[in-house]
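So the sequence shown is numbered by our numbering: it starts at 9 and just counts up by one. Even glycine gets a Cβ: it sits at the ideal position worked out from N, Cα and C. Reviewing the structure listed below.
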Amino acid sequence: MWLLKALAYSTVFALVYSWVVVWIIERREKKYGQGTIMFSDAFLTGSVTLIFVYLSNILVFVMWPGSAATFNVFLVTALAGFCLYRESVYQFNAKKIQHRLRAEVRLVNIYISKDPANAAYYGRLCDIHAKLGEKALALEAARMANKLEPTARNRVRIEQLLEEK
Numbered sequence: 009m010w011l012l013k014a015l016a017y018s019t020v021f022a023l024v025y026s027w028v029v030v031w032i033i034e035r036r037e038k039k040y041g042q043g044t045i046m047f048s049d050a051f052l053t054g055s056v057t058l059i060f061v062y063l064s065n066i067l068v069f070v071m072w073p074g075s076a077a078t079f080n081v082f083l084v085t086a087l088a089g090f091c092l093y094r095e096s097v098y099q100f101n102a103k104k105i106q107h108r109l110r111a112e113v114r115l116v117n118i119y120i121s122k123d124p125a126n127a128a129y130y131g132r133l134c135d136i137h138a139k140l141g142e143k144a145l146a147l148e149a150a151r152m153a154n155k156l157e158p159t160a161r162n163r164v165r166i167e168q169l170l171e172e173k
């Protein structure tokens, strides 16, 4: 009976552990917007983690039943360390991306000062401000682009910004 409980516990623990690993990896895309992760990559990572954690848990339960709790605490600690490491890497990369976008805003503003009648500059400025989360500045740039060049794309850009606001 204890073997069935150990198998059930190992299965649930391995599934939850694998789900958390995949969730940590997917945060790069969902929270920080730093590119996408392919389904096959996430599936492979989750599968390998699931198999490793499941088999190692069963092995520890069978060979060293007294050390099973310690082993699971070690696995959870390793997972927490991985989470903190990946989160710090994602935050560092987000700061680098923010810095690059701010530099691009400064550059586009210089170009606008040299050629204020170019609607493409205002369109690009709108896109950059939207990526930075500055909706008011993005809307202002989109309205200026629409004023200079009233195209469907510029109108749609304004409508999208108003819906998000």
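Legend entry - Residues near Phe79 by beta carbon distance below 6 Å, same chain, minus five either side: Val68
Inset, instruction - Could you tell me the distance, in whole angstroms, from the CA atom of Leu63 to the CA atom of Arg108? - result: 45 Å
Legend entry - Inter-stretch contact at 8 Å, needing at least 3 Cβ pairs: the region 115-134 / the region 149-156: yes
Inset, instruction - Please confirm whether Ser18 and Leu58 have their CB atoms less than 8 Å apart. - result: no
Inset, instruction - Measure the CB-CB distance between Tyr130 and Leu156 and report whether it falls below 8 Å. - result: yes
Inset, instruction - State yes or no: is the C-beta of Ile66 within less than 8 Å of the C-beta of Ala50? - result: no
Legend entry - Met46 (DSSP reduced to helix, strand or coil): coil
Legend entry - Spatially closest choice to Arg36 from Thr85, Ala160 and Tyr98, by CA coordinates: Tyr98
Legend entry - Cβ-based neighbour list, Arg163, same chain, cut-off 7 Å, excluding 5 preceding and 5 following: Asn154
Inset, instruction - Return the CA-CA distance between Arg23 and Leu52, expressed in angstroms with no decimal places. - result: With the sequence shown as reference, residue 23 is identified as Leu, and Arg is not the correct amino acid for it. Distance between the alpha carbons of Leu23 and Leu52 is about 14 Å.
Inset, instruction - Using beta-carbon positions only, say whether Leu169 and Ala138 come within less than 8 Å of one another. - result: yes
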